[in-house]
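Each residue of the sequence shown is one higher than the last, beginning at 360 in the numbering used here. Every residue gets a Cβ at the ideal spot worked out from N, C-alpha and C, and that includes glycine. One structure is given below, encoded as structure tokens.
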Amino acid sequence: MTLIFRIFFLPLLAASVVQSGAADTSGTLTAWQGTDEAAVRLIAGPKDNNGPGPVWLGVQIKLGPGWKTYWRNPGESGAPPRFNWENSKNVAAADVRWPAPKRFSAFGYDSFGYDKQVVIPVLLTPTIN
């Protein structure tokens, strides 16, 4: 799952951040991108009309039966999702607020992550022009 996430979803995520960051949104959702096994979309929080400032964004991941994605510390196996914002326009900083994960045990190894569905909150700070 994490290799699929990095190859297919992160470029779509970066492109969507650029588009959603420019819009005046009040809970805008992007279209789902992915497959039956895993799909991702962005949830843009409402824009504060008091000028430039941080904006909340949700990275919503929906997983098919038997699939999972990992937490920031995946445990003994797995690789965590990585968010790369460097090609995004107007993003000075992104603070990922990881929700509490579940523990998974398989083949004698413990890992931490999410199954079914998760929304990972991100606080985006725009570049001030």
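Does the beta-carbon of residue i have 16 or more other beta-carbons within 10 angstroms, so that it is buried, or is it exposed?
{"i": "Pro424", "result": "exposed"}
{"i": "Lys461", "result": "exposed"}
{"i": "Pro433", "result": "buried"}
{"i": "Lys427", "result": "buried"}
{"i": "Asp469", "result": "exposed"}
State yes or no: is the C-beta of residue i within less than 9 Å of the C-beta of residue j?
{"i": "Leu422", "j": "Glu396", "result": "yes"}
Could you round the C-beta distance between residue i and residue j to whole angstroms and report it? I think they count as a contact, below 8 Å.
{"i": "Tyr429", "j": "Phe471", "result": "7 Å"}
Could you pull out every residue in the same chain whose Cβ sits closer than 8 Å to the Cβ of residue i, ignoring the five residues on either side in sequence?
{"i": "Pro458", "result": "Tyr473, Val477, Val478, Ile479 and Pro480"}
{"i": "Ala390", "result": "Arg400"}
Suppose the cutoff is 7 Å on Cβ atoms and the five residues either side in sequence are ignored; what does the same chain contact list for residue i look like?
{"i": "Pro413", "result": "Leu482, Leu483 and Thr484"}
{"i": "Val455", "result": "Phe442, Ile479 and Val481"}
Who are the Cβ neighbours of residue i in its own chain at under 6 Å, not counting the five residues just before and after it?
{"i": "Arg431", "result": "Pro439 and Trp457"}
{"i": "Glu435", "result": "Tyr468 and Asp469"}
{"i": "Phe463", "result": "Ser470"}
{"i": "Pro411", "result": "Pro485 and Ile487"}
Is it a yes or a no for the region 481 to 488 touching the region 446 to 464, going by three-plus beta-carbon pairs under 8 Å? Judged by Cβ distances under 8 Å, the region 481 to 488 makes contact with the region 446 to 464, as three or more pairs qualify.
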